[in-house]
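Enquirer: Residue numbers (full-length UniProt numbering): 1 to 569.
Even glycine gets a Cβ: it sits at the ideal position worked out from N, Cα and C.
None of these values were measured; they are calculated from a predicted model.
Okay, handing you the structure first.
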């Protein structure tokens with residue numbers, strides 16, 4: 001069928017009388033494409049009566065009589081039957097349909113009317129043509145009205161929470177691969193861009209509130225996810241890029257760092273090196289909350305090495321010589337993925353968001369193994385040049401862009417991807433996963449007590465990987481960003497990550513990881529926030545050092561005090 005109609009009765013309560021609602025639903029290729037209900041409730045989501053009728057049809061299909069499209073039924077009638085049909089129809093609904101019936105009769109009897117220029121007549125019960133767009137019904141007007149209302153409340157009456165729920169709804173739609181996800185986000189973004197407070201704040205030179213700023217951050221991150229959809233059509237991407245550029249060019253469009261300070265380097269390009277780096281940064285146009293999504297439109301998923309990583313657990317190369325910075329495999333033959341770290345993690349977030357959890361997990365493991373290898377190489381490099389570097393007192397910054405507090409939250413993405421997989425098993429600290437299958441299969445991951453998982457060392461689990469990558473990110477020596485908002489974001493993100501780590505009980509396996517990372521932190525030189533060479537403008541390590549100190553104290557007091565003393569310099 002294509003069209004379902006019915007009456008839904010809402011029983012009387014003590015305060016309300018019985019309500020009878022007339023509901024009509026059109027559907028096409030397993031999607032509800034339009035709904036109408038006489039209840040008059042206005043909301044983004046379907047009213048209870050529409051849901052009730054849909055569920056009735058799903059649960060009791062044999063109770064709903066199936067009819068031919070009305071045009072077919074009319075075709076079977078003779079002239080007398082047709083006249084009787086029309087007159088009865090008008091009699092039953094004469095107050096509602098009589099004006100329309102008279103108008104149509106006049107037009108049909110007029111030779112030159114528009115209605116006589118078209119062959120045939122429309123039939124709402126016959127379904128759409130194969131070429132017609134078919135997407136889930138979304139009341140666009142209601143989405144706009146609700147977002148407008150929440151924004152006008154300025155964060156009061158729980159409006160910020162309501163907007164976050166809408167963002168969560170967009171993520172849910174993306175996960176279900178519902179094409180309305182991007183449509184809904186477009187409507188939300190348009191209302192955000194039309195917020196009159198933006199120009200007011202710009203004129204007065206005042207900054208927006210932190211909660212409002214965080215909503216803009218989530219908006220930017222969601223657009224990043226949408227343009228990185230691994231299966232979106234090129235014409236869709238062109239359309240989104242055009243829209244993003246339009247918003248980006250509006251002078252009140254919020255800046256990424258929340259203030260009017262220096263900008264971070266381009267997402268897809270390597271960091272500028274040498275003496276001209278700072279001048280190059282100063283001359284760049286300002287980065288807005290949409291800049292990263294615009295840059296991500298240039299990224300694609302066609303790289304064969306990337307495709308192999310995300311689609312197979314058996315992708316190895318044991319004959320590979322791991323001798324260069326950008327090796328495709330490490331010395332164990334396991335795949336590596338070299339890309340600007342926040343960009344690579346944005347891919348993981350996009351895979352998760354679009355309902356590809358397995359592929360996201362495979363790429364996350366590849367990135368973590370790449371970062372661990374990079375950390376080892378940095379340690380070896382520093383040890384090799386330690387004397388001359390310490391003698392010179394070299395304190396140039398090794399990372400202009402920190403991973404914790406970054407707009408794309410790369411470490412948070414890796415941590416939550418690994419922890420989510422881990423939570424699907426009741427005892428993730430002891431179990432190891434053996435999962436096979438290719439892209440597109442949706443069988444849940446099969447956890448087993450398996451002594452050696454592919455691409456995990458013996459004794460490792462997703463939990464140990466998640467904890468280790470969090471420690472690597474928190475301990476990275478990185479420059480403090482410009483602007484109060486960006487600096488507060490670094491602190492807030494660090495606190496959130498530490499709070500998540502504190503939920504994990506430290507067992508012997510995790511204590512080993514803590515020891516390993518603590519040693520690297522002390523010996524990692526300019527790459528570590530607690531190394532012997534520290535850049536003056538680096539992000540402070542006190543919060544992280546306090547967490548390490550309290551975590552290590554019961555297990556290795558000497559190492560705990562070394563960390564604490566180094567942080568107190």
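Would you identify the three-state DSSP class for residue 327, choosing helix, strand or coil?
Expert: Here residue 327 sits in coil by DSSP.
Enquirer: If you run the structure through DSSP and keep just helix, strand and coil, what is residue 408?
Expert: The answer is coil: DSSP assigns residue 408 none of H, G, I, E or B.
Enquirer: Exposed or buried, what is residue 313 when buried is set at 16 or more other beta-carbons lying within 10 Å of its beta-carbon?
Expert: Residue 313 should be labelled buried.
Enquirer: Helix, strand or coil for residue 335 per DSSP?
Expert: Three-state DSSP puts residue 335 in a strand.
Enquirer: What residue range does the beta strand (DSSP E) around residue 588 cover?
Expert: For residue 588 there is no data in the structure shown, the boundaries of the chain being 1 and 569.
Enquirer: Please list, in chain order, all residues of the same chain as residue 192 whose beta carbon is under 8 Å from its beta carbon, the five residues on each side excluded.
Expert: Taken in chain order, the residues that qualify are 147, 151, 215, 216, 219.
Enquirer: Using a threshold of 9 Å, state whether the C-beta atoms of residue 206 and residue 256 are closer than that.
Expert: Going by C-beta atoms, residue 206 is not nearer than 9 Å to residue 256.
Enquirer: Specify the secondary structure class of residue 385 as computed by DSSP and reduced to three states.
Expert: Of the three classes helix, strand and coil, the one that applies to residue 385 here is helix, per DSSP.
Enquirer: Between the C-alpha atoms of residue 143 and residue 44, what's the straight-line distance to the nearest angstrom?
Expert: Their backbone Cα atoms lie some 5 Å apart in a straight line.
Enquirer: Return the CA-CA distance between residue 529 and residue 414, expressed in angstroms with no decimal places.
Expert: Distance between the alpha carbons of residue 529 and residue 414: 20 Å.
Enquirer: How would you label residue 233, buried or exposed, when you count the other beta carbons within 10 angstroms and need 16 or more for buried?
Expert: Counting Cβ neighbours within 10 Å, residue 233 comes out exposed, since fewer than 16 surround it.
Enquirer: If the criterion is Cβ atoms closer than 9 Å, does the pair residue 546 and residue 518 meet it?
Expert: Not a contact, by the Cβ cut-off of 9 Å.
Enquirer: Please report the distance separating the alpha-carbon of residue 136 from that of residue 228.
Expert: Cα to Cα, the separation comes out at about 22 Å.
Enquirer: Can you give me the Cβ contacts of residue 521 inside the same chain, cut-off strictly under 6 Å, excluding the 5 residues immediately before and after it?
Expert: Hits under 6 Å: 475, 528, 530.
Enquirer: Could you pull the start and end residues of the alpha helix (DSSP H) that residue 4 belongs to?
Expert: Here residue 4 belongs to no alpha helix (DSSP H); instead the beta strand (DSSP E) covers 3-10.
Enquirer: Roughly how many whole angstroms lie between the Cα atoms of residue 64 and residue 57?
Expert: Distance between the alpha carbons of residue 64 and residue 57 is about 7 Å.
Enquirer: In the DSSP assignment, what are the bridge partners of residue 22?
Expert: In DSSP, residue 22 forms a bridge with 7.
Enquirer: Is it the case that the segment 376-383 contacts the segment 350-364, given that we only count it when at least three CB pairs across the two stretches are under 8 Å?
Expert: Because the criterion of three Cβ pairs below 8 Å is not met, the segment 350-364 and the segment 376-383 do not touch.
Enquirer: If you compare alpha carbons, which of 203, 514, 211 is closest to residue 160?
Expert: Nearest option by C-alpha distance: 211.
Enquirer: Mind checking who residue 538 pairs with in its DSSP beta bridge?
Expert: Paired residue(s): 479.
Enquirer: If you drop the 5 nearest sequence neighbours on each side, which residues of the same chain put their C-beta closer than 8 Å to that of residue 305?
Expert: Contacts found: 328, 335, 337.
Enquirer: Shortest alpha-carbon distance to residue 196 belongs to which of 82, 253, 172?
Expert: Measuring from the Cα of residue 196, the nearest candidate turns out to be 253.
Enquirer: Mind checking residue 560: buried by the 16 CB within 10 Å criterion, or exposed?
Expert: When all chains shown are included, residue 560 counts as buried.
Enquirer: Identify whether residue 206 lies in helix, strand or coil by the three-state DSSP scheme.
Expert: In the structure shown, residue 206 sits in coil (DSSP, three-state: anything other than H, G, I, E or B).
Enquirer: I believe residue 188 touches residue 165 by the beta-carbon criterion, under 8 Å. Please report the beta-carbon distance rounded to the nearest angstrom.
Expert: Not a contact, Cβ separation roughly 12 Å.
Enquirer: I believe residue 465 touches residue 365 by the beta-carbon criterion, under 8 Å. Please report the beta-carbon distance rounded to the nearest angstrom.
Expert: Between residue 365 and residue 465 the Cβ distance is about 7 Å, and since that is below 8 Å, they are a contact.
Enquirer: Using only CA atoms, which one of 66, 343, 141 lies nearest to residue 224?
Expert: The residue with the shortest Cα to Cα distance from residue 224 is 343.
Enquirer: Pick out whichever of 52, 108, 186, 483 has its Cα sitting closest to the Cα of residue 37.
Expert: Closest option to residue 37, Cα to Cα, is 52.
Enquirer: So, helix, strand or coil for residue 448, using DSSP?
Expert: Confidence at residue 448 is low in this model, with a pLDDT of 30, below 50, so the placement of that residue is unreliable and no value is reported for it.
Enquirer: Under a Cβ-count criterion, where at least 16 other Cβ atoms within 10 Å of its own Cβ denotes burial, should residue 75 be classed as buried or exposed?
Expert: The residue in question, residue 75, is exposed, as its Cβ has fewer than 16 Cβ neighbours within 10 Å.
Enquirer: Quick check on DSSP: helix, strand or coil for residue 42?
Expert: It is coil, neither helix nor strand.
Enquirer: Run the CB neighbour count on residue 30, radius 10 Å, all protein chains shown included, and call it buried at 16 or more, exposed below.
Expert: It is exposed - the Cβ of residue 30 has fewer than 16 other Cβ atoms within 10 Å.
Enquirer: Can you give me the C-alpha to C-alpha distance between residue 108 and residue 185, rounded to a whole angstrom?
Expert: Rounded to the nearest angstrom, the two C-alpha atoms are 44 Å apart.
Enquirer: I need the boundaries of the alpha helix (DSSP H) containing residue 562, first residue and last residue.
Expert: Where residue 562 is concerned, the enclosing alpha helix (DSSP H) stretches over 557-567.
Enquirer: Where does the unbroken alpha helix (DSSP H) through residue 504 begin, and where does it stop?
Expert: From DSSP, residue 504 is part of no alpha helix (DSSP H); its letter is neither H nor E.
Enquirer: Can you tell me the Cα-Cα spacing of residue 400 and residue 480, whole angstroms?
Expert: Using only the alpha carbons, I get a separation of about 8 Å.
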